[in-house]
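Numbering (this note's numbering), first residue to last: -5 to 142.
What follows is the structure in structure tokens.
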């Protein structure tokens, strides 16, 4: 498994992983998104501050992660559904912790109980419940307070 910065040639697979994983989180808005819309967002989000990483295995992408380091924000972390449960997300999360050792925050869909359990197992603590600022579905905010 190689974790590396994404390049434009990765963007189609990143969008597919994002779409297929997001579709499993149990929110209606995810069903309305398209791979093409997510693909179009990638360069815009990179221009807006994303550092985009991918996990690659045997020449195929297995996961994606987007950090906004200036805001200490883990914005996206999605593992291709057939490859969940293999430690790929944990490896990406460890990279995020190394990139933002003084702490970070994230939000995830309140209905995404597997993600909530994952983040709690990895030292994130509940901060608050709210709604997504743009899409208006229920979310949970989590914080990781950094290396002790």
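Even glycine gets a Cβ: it sits at the ideal position worked out from N, Cα and C.
Cutting at 8 Å between CB atoms, please list the residues of its own chain near residue i, excluding the five before and the five after it.
i           : result
residue 178 : Within the shown structure, residues of the chain are numbered from -5 to 142, placing residue 178 beyond reach of any answer.
residue 90  : 59, 61, 68, 71 and 98
So, helix, strand or coil for residue i, using DSSP?
i           : result
residue 95  : coil
residue 80  : coil
residue 74  : coil
residue 127 : coil
For residue i, I'd like the list of residues in its chain whose CB is within less than 7 Å of its CB, leaving aside the five on either flank, ordered along the chain.
i           : result
residue 51  : -5
residue 18  : 75
residue 62  : 43, 44 and 69
residue 134 : 101, 102, 104, 110, 120 and 123
Which residue or residues does DSSP assign as beta-bridge partners of residue i?
i           : result
residue 107 : Residue 107 is not bridged to any residue.
residue 58  : 48 and 72
residue 144 : Outside the shown range of the chain (-5 to 142) lies residue 144, about which nothing can therefore be said.
residue 132 : 125
residue 138 : 98
residue -2  : 48
residue 19  : The partner list for residue 19 (beta bridge, DSSP) is empty, contrary to what the question assumes.
residue 119 : 137
Does the Cβ-Cβ distance between residue i and residue j come in under 9 Å?
i           : j           : result
residue 69  : residue 100 : yes
residue 9   : residue 36  : yes
residue -2  : residue 48  : yes
residue 54  : residue 7   : yes
residue 93  : residue 45  : yes
residue 88  : residue 140 : no
residue 131 : residue 103 : yes
residue 138 : residue 118 : yes
residue 0   : residue 58  : yes
residue 27  : residue 13  : yes
Take residue i and list the residues in its own chain whose beta-carbon comes closer than 6 Å to its own, dropping the five residues that flank it on each side.
i          : result
residue 77 : 56
residue 98 : 66, 68 and 138
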